[in-house]
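So the sequence lines, in the order shown, correspond to chains G and Z. Mind the numbering: the first sequence is residues 548 to 1219 in this note's numbering, read in order. Mind the numbering: the second sequence is residues 548 to 1219 in this note's numbering, read in order. In this text, a Cβ means the ideal position worked out from N, Cα and C, and glycines have one as well. Before any comments, here is the structure.
Number of protein chains: 2
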Amino acid sequence: MSENQSKVNPDLAMERAKCNFNITEVTHIIDGGENVTLQRKKFEDAALNDGASKDRIGEEHMSPKEKYENAIRKSCIYANIVKNDLANMTALESFGLNSPILRRTADAFFKEVSPFLLHLGMFVPTLMGQCTQEQQAYWLPRALDMQIIGTYAQTELGHGTFIRGLETTATYDPETEQFVMNSPTLTSYKWWAGGLAKTVNYCIVVAQLYTKGVCHGTHPFIVQIRDEETHMPLPGIKVGDIGPKLGFNTADNGFLGFENYRIPRENMMMKNAQVLKDGTYVKVARHGKATYGTMVFVRVILVNEAAFNLAKACTIAVRYSAIRRQCSPNPEGSELQVLDYTTQQHKLFICIATAHALQLNSIWLWKTFSDTLAAIKEGNVDTLPELHALSSCLKALSTADAASLIEQCRHACGGHGYMMSSGLPYLYAFVTATRTYEGDYTVLLLQTARFLVKAYEQVEAGKPLTPTVSYLSHAFTGKKLPWDSSPDGIIRSFQALAAGKLSSAVKSLRRRLESGLSHEQAWELSTIQLISAAEAHCRAVMSQTYKNEIVRLTENSSPNVKKVMQQLSTLYLYYWALERIGDLLLFTSISEDDIVVLRLRYEELLKEIRPNAVGLVDAFDLRDELLHSALGSYDGNVYERLMAEALKSPLNAEPVNQTFNTYLKPMMKGKL
Amino acid sequence: MSENQSKVNPDLAMERAKCNFNITEVTHIIDGGENVTLQRKKFEDAALNDGASKDRIGEEHMSPKEKYENAIRKSCIYANIVKNDLANMTALESFGLNSPILRRTADAFFKEVSPFLLHLGMFVPTLMGQCTQEQQAYWLPRALDMQIIGTYAQTELGHGTFIRGLETTATYDPETEQFVMNSPTLTSYKWWAGGLAKTVNYCIVVAQLYTKGVCHGTHPFIVQIRDEETHMPLPGIKVGDIGPKLGFNTADNGFLGFENYRIPRENMMMKNAQVLKDGTYVKVARHGKATYGTMVFVRVILVNEAAFNLAKACTIAVRYSAIRRQCSPNPEGSELQVLDYTTQQHKLFICIATAHALQLNSIWLWKTFSDTLAAIKEGNVDTLPELHALSSCLKALSTADAASLIEQCRHACGGHGYMMSSGLPYLYAFVTATRTYEGDYTVLLLQTARFLVKAYEQVEAGKPLTPTVSYLSHAFTGKKLPWDSSPDGIIRSFQALAAGKLSSAVKSLRRRLESGLSHEQAWELSTIQLISAAEAHCRAVMSQTYKNEIVRLTENSSPNVKKVMQQLSTLYLYYWALERIGDLLLFTSISEDDIVVLRLRYEELLKEIRPNAVGLVDAFDLRDELLHSALGSYDGNVYERLMAEALKSPLNAEPVNQTFNTYLKPMMKGKL
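Encoded structure:
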């Protein structure tokens, strides 16, 4: 760092001098403790210091096929790094195999994603969650050592959300003790699984299980699709690439079809159900909801990644905004740093606060999930519905918030944000995908809404509520909540708002039922309101968790760290209160004067955070390798880097492009 | 069409059978009259029927360099088509040289844009707007015949919005009667101009004019940058590609620097100012605001393109939603068309309505602009400030609305919307760029706000107001507007809301001035509110224009056309009223019960529009060639087309990718 510091852009150096809090302390809070920070930095040094993550030619200059091939090369390098270093990293286990530390470091290697993403992200967790002990003993060591590479294929060309509608069949043949896999239609082809097209040789396939002429619904099977020595697709397997996408072009998302393809009976994942040799179907006595495990695990990861990618976007946008200068308030003055504009602060500081909110919510969700897993082992499954409802809405809101705020960061960078060399388009392409996969935004909020309506009925019945909805127990008074602009007061108002919207939605639902509609029809017609209620509930939970965690985590912090972290969590509350004025007017006693005061305090808060803005994004501690951004690098040499990146364009390798002689000149001379 | 109709997806055929209005009538309304539709179809037939727009290998499989080269090939083909057919197309002139008909047909050739985009889009219009008659006589014929190709370079690496801050210099040398062009710093390099990197040989350059030691501010110059025969950059010219972008990768956006590069005195564009042979600077007596011409022209085009691209997105999403089936309300039923879900209708029908609103607003803005140009010729420049304020906010809101609604269409298509073969990512990449260039969203709304604050002061002074702000004259009563849920009532409430927000913003501004802040400081601190006021004003204008134009244009329509067009324009009003409940509660007398009724009526309207949804997108009359979408084609064979597109992926040309032997296998065997 020291030798580079002499070259740091003076505006950024000035910003760092202004920062009044201890940046390292904040880094520890965000990471989840000093020990995690140390582990992370150690692993980042091991993985990145030798420059193996860097490309000679940037992926943005390549065709999708070239991108894929480059990604395979780097995935193998990265897999070796992980294998070599994983043994030393015991602390990681607290956040699961697919640790954020590994994931964030991987981002230095891939501007998009690794083709191995679903191997550790879905294949291995599903082996752990759906296999018997014996099956795990057979499959897990080979998978963890990457002797085989797998993915997870559930979605089909014609079927996503509605799992019961899947068409792929696995029909048991007792004579050979095999399952016969088939894709009866075009729409039954598996579609989307990452790494499926060219990379993996194994695949977990979700299919309708038939035995003795009876369909027992969807079950997961382990299917070998390519020869381990030659990598050729096996007979009966049709596999290929689904083509270019908005993002993820380094991962070979694939399609997969079966034609009387046979797998051994033992390849059915038998933890929750089994087919005996004679074809008898046996449901293992186990709570049906135990299969939520992998699903919730993946959602926690997605909330965490939303936080991480938003942190990258605001690091880029805040640093650039400290360097970029535009207009001067008076004709003779020098141009202002754009970070000095109120509109720019309004766009960016909520991004920093949201990155904190999502990060702390993901850690909290992980802890809640771990507690639930422990409870399940004790046979207590009471908290599962709540956890499911919670992970659904947090995944939905986190990915949607992060995606739209990443775009806000890009807009805040003007034209340069549109360059791939800004790094910002990659972040949006990634996060906007996570808004859809593993549960679409709308579908997930409706799942949470279903839980909320049940909670509403429990309140009516005088029954007790689980923690995250306990605020509902005294919410349906019909009276407006007295407005209180303290942080706790605003959180209570968010709860009142969620309760009010829920109550309106239930009223609509019941009015429709009374008019003679079926429950399904009444529900369907009320979905706009139900989603709005679920979103309000989730905002209340996220706000409260963020605020509580900040109080808890800064208990022993130095005064200025405590102050700036509280400023941000208060900013988050003010921001969302101002975004929801209509709802506040309906469900609280807020007055026009209160709104004026709230807006003024919000604007004042922007000015208070301003001097610490660069320090706050520095505290995310994102190495330049992770940002892939000419605008966001630590040294702030924005214009030099933009030009350096431009000069790497293959179009600049020759003064005149070949198309001049073949097309342009004949056209201009009227001879084409 | 007839032979294809037998193959139309049955769900789509059923939708078309349900449509109760005359589709052709609606097409004429959208196009701006039957004659325009006929002209358009004639030109589309001429340009597209021979299949010249189609690629053997899709651009999405190429590297950016290959995309560029393919785009040059097709641009030359398209330029010839335009040259051959342009003579017959007199009707086009009513919408300017850069007619929407040419632009929309070009989209069949380019999934992104043509490298010639700025030749007809900026180079030629600027020649027309900034050159003297003599200069035009010299330059225009060569440019229109494409003997030379030009672009427009204003933005620099370090300077965008703030034109006074541009650094490129043009210093007059009376000895040689030349201007000497220089790029004194890295940040002074021209950056972004489309076609600049490799395509154009001429460029309009905006530079600081120095003569006799005095700087006279920025002026435009015509600069030859490449040899007409060899296409080599001329000595003193540094030109190249700026690298890959989120979109526009078929256009070679470039950088340009000068090192003592000399151009003849006559290459200064001299309509508004001249430098005489001896170096004397002469400001031609002319209204300074006349240079708004090209700027407003481009903004009208951008509003129109926002409409057109949003129309494409909703054509894709609505057709796909009629074919896609998901979940069944009862366990035994077949899966529903996703278009039957209220949430899906909520996402999509506002897109159809907004496409209409933007289209009709763009035509209206064009007419207003033409009237203004005519008035300027008569020496009347009174309406210029209003036109400027209007074009600013309409450009800002149109591009922002279209971009976010295109993403909404993509989300509504689930995972498949993320495929490039859906066509949707291209539309977003294009429109989100137009949100930034030619005036950033925030900057433009602040320009409108400045006009609104002046209007506020005129009301206080009892002075008359120009038409688009005339509603302000009786708005500042301090009383809440009585709620009236008729379309006209809602439009009045949007005006009340704009007036209320403007009033609040002015109060904040004045409070800050009274506290001792300078006008610039007070303005800066009030910008969040000022932008909100400008947005509300623009929404009121757009809503009123949309509603008025629908009434006017359907006066002689058949009853069902009239009905469905009114349903959509009412839907637009309800949608935005529900989005702005907070503001309505503050500035009108709307009650909780009114809101319940409004929501119910909105939901009923969705159900009324539902049977006509596919007919409405068919009425946009977008040929498959323009959509580039497996999801949106007229025949609705979605899954067949998705698979056909997938199979074109170069990764599918070989069963095993080369990286298996070089990387994957050694890694799996532990030998890498």
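Spell out the partners DSSP gives residue i in its beta bridges.
i: P780 of chain Z; result: Z:R773
i: W738 of chain G; result: G:F802
i: Y888 of chain Z; result: Paired residues: none, contrary to the question.
i: P811 of chain Z; result: Z:Q725
i: Q873 of chain G; result: G:L883
i: M966 of chain Z; result: G:K792
i: D1035 of chain G; result: For D1035 of chain G, which the question treats as bridged, DSSP gives no partner whatsoever.
i: V786 of chain G; result: G:L803
i: H766 of chain G; result: G:A754
i: A706 of chain G; result: With the sequence shown as reference, residue 706 of chain G is identified as His, and Ala is not the correct amino acid for it. Per DSSP, G:E703.
In terms of residue numbering, what span does the alpha helix (DSSP H) encompassing residue i cover?
i: K589 of chain G; result: 581–595
i: D654 of chain Z; result: 647–656
i: L1133 of chain Z; result: 1128–1134
i: D602 of chain G; result: From DSSP, D602 of chain G is part of no alpha helix (DSSP H); its letter is neither H nor E.
i: F977 of chain G; result: 971–981
i: E1007 of chain Z; result: 988–1007
i: W1070 of chain Z; result: 1066–1072
i: S938 of chain Z; result: 931–959
i: E1243 of chain Z; result: Past the edges of chain Z, shown from 548 to 1219, lies residue 1243 of chain Z, and the structure says nothing about it.
Count the other CB atoms, across all protein chains shown, that sit within 10 Å of the CB of residue i; report buried if there are 16 or more and exposed otherwise.
i: T1025 of chain G; result: Looking at the sequence provided, one finds Gly at residue 1025 of chain G rather than Thr. So G1025 of chain G counts as exposed.
i: R711 of chain G; result: exposed
i: G764 of chain Z; result: exposed
i: E1201 of chain G; result: exposed
i: G742 of chain Z; result: buried
i: E606 of chain G; result: buried
i: R1099 of chain G; result: exposed
i: N1208 of chain G; result: exposed
i: K745 of chain G; result: buried
i: P611 of chain Z; result: buried
Please look up how many angstroms separate the CB atoms of residue i and residue j, rounded, as I've assumed it's under 8 Å.
i: Y1003 of chain G; j: L1049 of chain G; result: 6 Å
i: S969 of chain G; j: I1128 of chain G; result: With a Cβ gap of about 33 Å, S969 of chain G and I1128 of chain G do not count as contacting.
Quick check on the DSSP output: the beta strand (DSSP E) that includes residue i runs from which residue to which?
i: L1211 of chain Z; result: Where L1211 of chain Z is concerned, there is no enclosing beta strand (DSSP E), given that its DSSP letter is neither H nor E.
i: I695 of chain Z; result: From DSSP, I695 of chain Z is part of no beta strand (DSSP E); its letter is neither H nor E.
i: I751 of chain G; result: 749–758
i: A717 of chain Z; result: 716–720
i: A820 of chain Z; result: 820–822
i: V660 of chain G; result: Run containing V660 of chain G: none; DSSP gives neither H nor E here.
i: V829 of chain G; result: 828–830
For the 8 Å Cβ check, are there 3 or more pairs between the stretch 895–910 of chain Z and the stretch 1151–1161 of chain Z?
-> Three or more beta-carbon pairs drawn from the stretch 895–910 of chain Z and the stretch 1151–1161 of chain Z are found closer than 8 Å, and the two stretches are therefore classed as touching.
Pairing CB atoms from the stretch 714–726 of chain G with CB atoms from the stretch 809–819 of chain G, are three or more of them under 8 Å?
-> Yes: at least three Cβ pairs fall under 8 Å.
At a cut of 8 Å, does the stretch 788–802 of chain G reach the stretch 964–979 of chain Z through at least three beta carbon pairs?
-> Touching, yes, given that three or more Cβ pairs across the two stretches are closer than 8 Å.
Determine, using beta-carbon pairs with one atom in the stretch 1178–1190 of chain Z and one in the stretch 659–668 of chain Z, whether at least three such pairs fall under 8 Å.
-> No, the stretch 1178–1190 of chain Z is not in contact with the stretch 659–668 of chain Z.
Three or more C-beta pairs closer than 8 Å, one from the stretch 909–929 of chain Z and one from the stretch 1125–1139 of chain Z: is that the case here?
-> Cβ pair count under 8 Å is below three, so no.
Quick check: the stretch 670–689 of chain G against the stretch 625–632 of chain G, are there 3 or more CB pairs under 8 Å?
-> With a cut-off of 8 Å, the stretch 625–632 of chain G and the stretch 670–689 of chain G do not count as touching, because too few Cβ pairs lie within range.
At a cut of 8 Å, does the stretch 941–960 of chain Z reach the stretch 771–784 of chain G through at least three beta carbon pairs?
-> No contact exists between the stretch 941–960 of chain Z and the stretch 771–784 of chain G.
Is there contact between the stretch 935–954 of chain Z and the stretch 881–892 of chain Z, where contact requires at least three CB pairs shorter than 8 Å?
-> With the cut-off at 8 Å, the stretch 935–954 of chain Z and the stretch 881–892 of chain Z do not touch.
Could you tell me whether the stretch 1190–1204 of chain Z touches the stretch 874–883 of chain Z, where touching means 3 or more Cβ pairs closer than 8 Å?
-> These segments do not touch.
Specify whether the stretch 902–912 of chain Z and the stretch 848–857 of chain Z touch according to this definition: at least 3 beta carbon pairs, one from each stretch, less than 8 Å apart.
-> Taking a cut-off of 8 Å on C-beta distances, the stretch 902–912 of chain Z touches the stretch 848–857 of chain Z, as three or more cross pairs fall below it.
Given 8 Å as the limit, is there contact between the stretch 1037–1056 of chain Z and the stretch 1072–1089 of chain Z, that is, 3 or more CB pairs closer than that?
-> Taking 8 Å as the limit for Cβ pairs, the verdict is that the stretch 1072–1089 of chain Z does touch the stretch 1037–1056 of chain Z.
Would you check if there are 3 or more beta carbon pairs closer than 8 Å linking the stretch 558–577 of chain Z to the stretch 929–947 of chain Z?
-> Result no; under three Cβ-Cβ pairs closer than 8 Å.
Can at least three beta-carbon pairs, one atom from the stretch 648–657 of chain Z and one from the stretch 589–605 of chain Z, be found at a separation below 8 Å?
-> Three or more pairs of CB atoms, one per stretch, sit closer than 8 Å, so the stretch 648–657 of chain Z contacts the stretch 589–605 of chain Z.
How about the stretch 980–995 of chain Z and the stretch 1051–1068 of chain Z: do they share at least three Cβ pairs that are nearer than 8 Å?
-> Touching, no.
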